[in-house]
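For the sequence shown, the numbering used here assigns the number 1 to the initial residue and increments by one for each residue that follows.
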Amino acid sequence: MTQTMRPRMAGSLFATDHRSHPVQNTLLAVTLVLGVLSLVTAGFHHLHLVSSWAGLVGIFTGAYGQYISETTRERFGLILGLGASGIGFFLGMAHGGLFGGIAG
């Protein structure tokens with residue numbers, strides 16, 4: 001019953017263990033921004049280069065963030081960013097790919 005003995009304090013938005021995780025939070029923010037960018041630009045056929053490259057970088061940063069994440073909140077945000085990056089990446093690849101038809 002240690003929960004009754006110590007007060008429940010509101011900590012950081014992403015750290016449920018009440019410690020700061022600057023690297024993990026940075027990777028989370030970068031993955032979410034790249035995921036949103038990739039997903040939004042995937043809706044426009046002529047922006048397939050932005051969509052595919054932002055999605056690819058978002059996938060790699062999200063994967064590394066998952067590897068070093070320490071809390072559930074970080075992992076939840078990373079999964080959202082990874083999903084958006086993946087969808088944007090694959091739609092960008094379907095619209096023209098990483099190199100715009102130059103190589104291949």
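C-beta atoms are modelled at their ideal positions from N, C-alpha and C, and glycine is treated no differently.
This one's a predicted model, so the numbers in the text were calculated from it and none came from an experiment.
Restricting to Cα atoms, I'd like to know which of His18, Ser20, Ala84 and Gln24 is closest to arginine 75.
Numbered from 1 along the sequence shown, position 75 holds the residue referred to as residue 75. When only C-alpha atoms are compared, the closest one is Gln24.
Go ahead and pull the three-state DSSP assignment for arginine 19.
The residue labelled residue 19 in the question sits at position 19 within the sequence shown. Residue state, collapsed to three classes: coil.
Say the cut is 7 Å; is the CB of leucine 78 nearer than that to a heavy atom of the ligand MN?
The ligand MN is absent from the structure shown, which contains no ligand whatsoever.
Return the chain-ordered list of same chain residues with a C-beta closer than 6 Å to the C-beta of alanine 42, the five sequence neighbours on each side being excluded.
Looking up residue 42 in the sequence shown gives position 42. Excluding positions up to five away in sequence, the list reads Ser51, Gly88, Leu91 and Gly92.
On the premise that leucine 34 lies in contact with glycine 65, defined as a C-beta separation below 8 Å, what is that separation, rounded to the nearest angstrom?
Looking up residue 65 in the sequence shown gives position 65. Looking up residue 34 in the sequence shown gives position 34. That belief does not hold up - the Cβ atoms of glycine 65 and leucine 34 are roughly 11 Å apart, past 8 Å.
For isoleucine 79 and histidine 46, I'd like the C-alpha separation in whole angstroms.
Translated into positions along the sequence shown, residue 79 becomes position 79. Translated into positions along the sequence shown, residue 46 becomes position 46. If I take the Cα positions, the gap works out to 27 Å.
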